[in-house]
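Colleague: Can you keep this structure in mind? I'll have questions shortly.
There are 2 protein chains.
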Amino acid sequence: MASWPTERTRVRRKSDRGSYDRGTINRILDEVLTCHVGFVTDGQPYVVPTVHARDRERLYFHGSLANRMLNALAKGAPCCVTVTQVDGVILARSARKHSLNYRSVMVLGVATEVIDPEQKIGALRCIVEHMVPGRTADVGEASEHDLASTAVLTLPIDEASAKVREGGPSDSADEHTGHIWAGQLPLALTPSAPIADAPADKEIAVPGYLKQWRTGLRSQPRD
Amino acid sequence: MASWPTERTRVRRKSDRGSYDRGTINRILDEVLTCHVGFVTDGQPYVVPTVHARDRERLYFHGSLANRMLNALAKGAPCCVTVTQVDGVILARSARKHSLNYRSVMVLGVATEVIDPEQKIGALRCIVEHMVPGRTADVGEASEHDLASTAVLTLPIDEASAKVREGGPSDSADEHTGHIWAGQLPLALTPSAPIADAPADKEIAVPGYLKQWRTGLRSQPRD
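Which chain is which? The protein sequence lines are Y and L, in order.
Using our numbering, count along the first sequence one by one with no gaps and you end on 223.
Using our numbering, count along the second sequence one by one with no gaps and you end on 1223.
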């Protein structure tokens, strides 16, 4: 692990919101369902959403959403993986101070494609477990066919920073006259009732791990 | 408006999920709360989350989250703004087919800083109304002080594509034996009860527009 922060990951704007704490970074990476991968092709940046998962000091993410991404990154091009969860809307007393509560992590580095079959099976297991903890016990590991038809990329979590905004509006009631309600509207990515796929699925009990699926439960401390 | 899709925005992977329909693109841009902005500095891509808003054929977004972004983009560098909403987790019968339902839009182009005071006031109004429709009636327009202390960038929506995944798992029950429950877990960014900031705010009724705040309501058709 490189010493954090590097010049590139140092949080410059509103630096009181910046964090380089390993635990904070890992919790955000583990809890947030998706990431946005940034890469450059012919001088043009692209930002592609995909699913990621963390395994200790390493990120895995699906390369299959964009061959363009795979082609660019397989050449050893630098990339940026950013993970963001919105936690609320801040209703301030002035227009300018309206904002969002959020937790975000940025990881910089060079991604490589996972080729080794053992590592790739483990990476796909991580990604499935990231989406639905407990699911692997039902569906098993990826098959050889799965490996051939799916691309997985990996990025070491060496150069990373977190940025968190929490709490209420940053302008105080003292600064403003009038009676404008100020506060926050908490937001969370919330599940509703599971929908069975085929008639046969309706005959099967909804798995216990799915009933327990919650953003919060998905963020239990891990290695 | 350039003809869509361009070679750069054509959806290559799973092209049945791609869309260049103006209405689809606008609805996603209007409903999703945040965007991820990709830009390049010294060959390194960065992906920064921020708040955006659409005004007809133009995107506005806060430049204040990262001076690095403002500096890079003010020089006329190409950027990519990607907006993504996760709508559910797909529990398939095989590990590989696990996926997410989502709606995403990618806009490519060259962003510029908004300097004209009239346009900037309008842009900030759009951004506040994007977060909380109806709020401007309470807090008013941005002041001169607001303009001086906030950077806003704009990007024409000329080169854009949408990608949507919806429905259930893509592997059918026929392909698999065993009794694995398959289906989807719908997800939505859902508000909970508003939290008043100061004691004085508790004396003020929660605004009606906040009680009506819902992802769905925020996505009423607009120009």
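Built from N, CA and C at the ideal position, the CB exists for glycine as well.
Treat the numbers as computed from the prediction; the structure is a model and nothing was measured.
Consider the C-beta atom of residue 203 (chain Y) and the heavy atoms of the ligand PLP; say whether any pair is separated by less than 7 angstroms.
Modeller: This structure lacks the ligand PLP; in fact it carries no ligand of any kind.
Colleague: Which value, in whole angstroms, describes the spacing of the CA atoms of residue 2 (chain Y) and residue 1171 (chain L)?
Modeller: Reliability of the predicted coordinates at residue 2 (chain Y) is poor, the pLDDT of 41 falling under 50, and the value obtained from them is presented with this limitation in mind. Those two C-alpha atoms are separated by around 42 angstroms.
Colleague: Along chain L, which residues have their Cβ under 7 angstroms away from the Cβ of residue 197 (chain Y)?
Modeller: The answer, in chain order, is 1168, 1169, 1182, 1183.
Colleague: Once DSSP output is grouped into helix, strand and coil, what is the label at residue 261 (chain Y)?
Modeller: There is no way to answer for residue 261 (chain Y), as the model of chain Y reaches only from 1 to 223.
Colleague: Under a Cβ-count criterion, where at least 16 other Cβ atoms within 10 Å of its own Cβ denotes burial, should residue 1135 (chain L) be classed as buried or exposed?
Modeller: It is buried - the Cβ of residue 1135 (chain L) has at least 16 other Cβ atoms within 10 Å.
Colleague: Tell me which residues of the stretch 85-97 of chain Y have at least one Cβ-Cβ distance to chain L shorter than 9 angstroms, keeping chain order.
Modeller: Under the 9 angstroms Cβ criterion, the stretch 85-97 of chain Y contributes 86, 88, 89, 90, 91, 92, 93, 94, 95, 96, 97.
Colleague: List the residues of chain Y whose Cβ lies closer than 9 angstroms to the Cβ of residue 1039 (chain L), in chain order.
Modeller: Those are 38, 45, listed as they occur along chain Y.
Colleague: Cutting at 6 angstroms between CB atoms, please list the residues of its own chain near residue 1025 (chain L), excluding the five before and the five after it.
Modeller: Excluding positions up to five away in sequence, the list reads 1105, 1160, 1162.
Colleague: Cβ atoms of residue 62 (chain Y) and residue 224 (chain Y): under 8 angstroms apart, would you say?
Modeller: A query on residue 224 (chain Y) cannot be resolved here, the shown segment of chain Y reaching from 1 to 223 and no further.
Colleague: Are there 16 or more other CB atoms within 10 angstroms of the CB of residue 1183 (chain L), so buried, or fewer, so exposed?
Modeller: Looking at its Cβ environment, which holds 16 or more other Cβ atoms inside 10 Å, residue 1183 (chain L) is buried.
Colleague: Mind checking the stretch 1134-1163 of chain L against chain Y and listing, in chain order, the residues whose C-beta falls within less than 9 angstroms of any C-beta there?
Modeller: Answer in chain order: 1135, 1136, 1138, 1139, 1140, 1141, 1142, 1143, 1145, 1146, 1147, 1149, 1150, 1163.
Colleague: Could you compute how far the alpha carbon of residue 1149 (chain L) sits from the alpha carbon of residue 1142 (chain L)?
Modeller: Using only the alpha carbons, I get a separation of about 11 angstroms.
Colleague: Less than 8 angstroms between C-beta atoms, sequence neighbours within five positions excluded: which residues of the same chain meet that for residue 1181 (chain L)?
Modeller: Excluding sequence neighbours, residue 1181 (chain L) sits near 1091.
Colleague: Under 8 angstroms between the Cβ atoms of residue 209 (chain Y) and residue 165 (chain Y)?
Modeller: No, the Cβ-Cβ distance between residue 209 (chain Y) and residue 165 (chain Y) is not below 8 angstroms.
Colleague: I need the straight-line Cα distance from residue 1030 (chain L) to residue 1086 (chain L), nearest angstrom please.
Modeller: Going from the Cα of residue 1030 (chain L) to the Cα of residue 1086 (chain L) covers about 15 angstroms.
Colleague: Can you pull out the residues from the stretch 1018-1033 of chain L whose beta carbon lies closer than 7 angstroms to at least one beta carbon of chain C?
Modeller: The structure shown contains no chain C; its protein chains are Y and L.
Colleague: Under 8 angstroms, Cβ to Cβ, is there at least one residue of chain Y near residue 1117 (chain L)?
Modeller: It does not; no Cβ of chain Y falls within 8 angstroms.
Colleague: I'd like to check one pair, residue 139 (chain Y) with residue 60 (chain Y): are the Cβ atoms closer than 8 angstroms?
Modeller: Contact flag unset, no.
Colleague: As an exercise, report each continuous alpha helix (DSSP H) stretch of at least 4 residues that is fully enclosed by the stretch 129-208 of chain Y, in chain order.
Modeller: You should have 136-139, 144-149, 199-202.
Colleague: Kindly indicate which three-state DSSP category residue 123 (chain Y) falls into: helix, strand or coil?
Modeller: Reduced to three states, the DSSP call for residue 123 (chain Y) is helix.
Colleague: With 8 angstroms as the threshold, decide whether the Cβ of residue 2 (chain Y) is near any Cβ in chain L.
Modeller: With a pLDDT of 41 at residue 2 (chain Y), under the threshold of 50, the modelled position of this residue cannot be trusted; read the value that follows with caution. Output row for residue 2 (chain Y): interface = no.
Colleague: Report the three-state DSSP secondary structure of residue 1009 (chain L) (helix, strand or coil).
Modeller: Here residue 1009 (chain L) sits in coil by DSSP.
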